[in-house]
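Novice:
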Amino acid sequence: MSTPDILASVDALLAEKDSLDCRLDEALHAFAEYEEQMNQLWHKADGDERLRLMAERAQVEETLGIVAIVDRLDQIRALLAHLRSV
């Protein structure tokens with residue numbers, strides 16, 4: 077890979093990383109607001125309701141894409157480290 081290609085790849089990855097960082101901040105903020113509401117319900121819930129709340133919590137996290145965003149950020153960091161070492 078030539079130096080211009082490496083620099084272009086680094087620039088593209090940094091732009092994607094910045095975008096994902098913003099999306100992660102927004103997703104974590106939304107999840108924190110959800111958690112505040114869920115915690116109130118949790119304390120009033122019985123065992124079956126708590127199971128439903130846990131399933132709902134997992135669905136909210138999935139919908140917000142938190143795990144997918146973090147996974148992609150990890151991939152980008154690894155790629156950047158590799159490209160910078162070339």
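The opening residue of the sequence shown carries number 77 in our numbering; numbering runs sequentially from there.
Ideal Cβ placement from N, Cα and C applies to all residues, glycine included.
All values derive from a computational prediction rather than experimental measurement.
Would you call the region 152–162 and the region 79–95 touching, i.e. three or more CB-CB distances under 8 Å?
Specialist: Output reads yes: the region 79–95 touches the region 152–162.
Novice: Output needed for residue 155: all residues of its chain with C-beta closer than 7 Å, excluding positions within five of it in sequence on either side, in chain order.
Specialist: Sequence index remark: in the sequence shown, residue 155 carries index 79 (1-based). 89.
Novice: Identify which residue in 120, 123, 122, 115 has its Cα closest to the Cα of residue 133.
Specialist: Looking up residue 133 in the sequence shown gives position 57. Ranking 120, 123, 122, 115 by Cα distance to residue 133 puts 115 first.
Novice: Around the C-beta of residue 144, are 16 or more other C-beta atoms found within 10 angstroms, so that it is buried, or is it exposed?
Specialist: Taking the first residue of the sequence shown as 1, we reach residue 144 at position 68. So residue 144 counts as exposed.
Novice: Could you work out which residue in 86, 94, 106 is closest to residue 138 when comparing CA atoms only?
Specialist: Locating residue 138 in the sequence shown gives position 62, counting from the first residue. It is 106 whose Cα lies nearest to the Cα of residue 138.
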